[in-house]
Each structure stands twice: as C-alpha cells, then as structure tokens.
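Scroll down for the structure; my scribbles are underneath it.
In UniProt numbering, the protein residues as written are 1 to 103.
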C-alpha cells in the first residue's frame, strides 16, 4: 500500500497535469475559433488587422481565461482557500460531524 505522502504528491502531479491539459486545450480551441472568425471577417471585406481586432474575437478568450486563471490559482497556490489545508480541515470537520451523529 502506498504511503500518505506519496498519495499527496500523486494528487499534486495529477492536478498539475490537469492544468497543463486545460491550458493546451484553451490555446488550441481558442486559436481555431480566432482563425475562423478572422477569415469570416476578411471574407466580408475587413483587412486582416480589422478582422483580428474585432471585439467579438476576445469574449471566449477572456471568459475561458478567467476559468483557466482560477484553475491555476487552485493548482499553484497550495495554501490558498482551497488548498490541502482546507481539504484536511473539511475532512476532519465532516468526520467529527459523522461521529457526533452516531452517538
């Protein structure tokens, strides 16, 4: 059986891997949508620069980017609000409540 320390490290590695996958998908999908939007705008007569700087192009980047930043904060700030200490406190709290309910 694996040690508790190993399991914690494994969880951190899994979280980091999940963040990098999220970042990769973010870049690929947003780049594809940007390419499609720019080519559509250029077909309508816009110059490349006008098509690229169209405000409609940045909504998905910004909204999804906010989610990506929050994901990064959760992964890289280990002592943050939802870090390991928070998880351990919640586990102890729920176990304590569960013990009281059985008495």
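Even for Gly, the Cβ is constructed at its ideal location relative to N, Cα and C.
Classification of residue i by the beta-carbon crowding that lies within 10 angstroms, buried from 16 upward
i          : result
residue 38 : buried
residue 51 : buried
residue 75 : buried
Where residue i falls: helix, strand or coil (DSSP)
i          : result
residue 44 : coil
residue 98 : helix
residue 77 : coil
residue 3  : coil
residue 54 : coil
Candidates the options, of which the one nearest residue i by Cα
i          : options    : result
residue 72 : 86, 54, 21 : 21
residue 77 : 4, 89, 15  : 15
Inter-residue CB distance, residue i and residue j (contact presumed, cutoff 8 Å)
i          : j          : result
residue 19 : residue 60 : Their Cβ separation, rounded to whole angstroms, is 19 Å, which puts residue 19 and residue 60 out of contact at 8 Å.
residue 63 : residue 26 : Going by Cβ atoms, the distance from residue 63 to residue 26 rounds to 11 Å, so no, they are not a contact pair.
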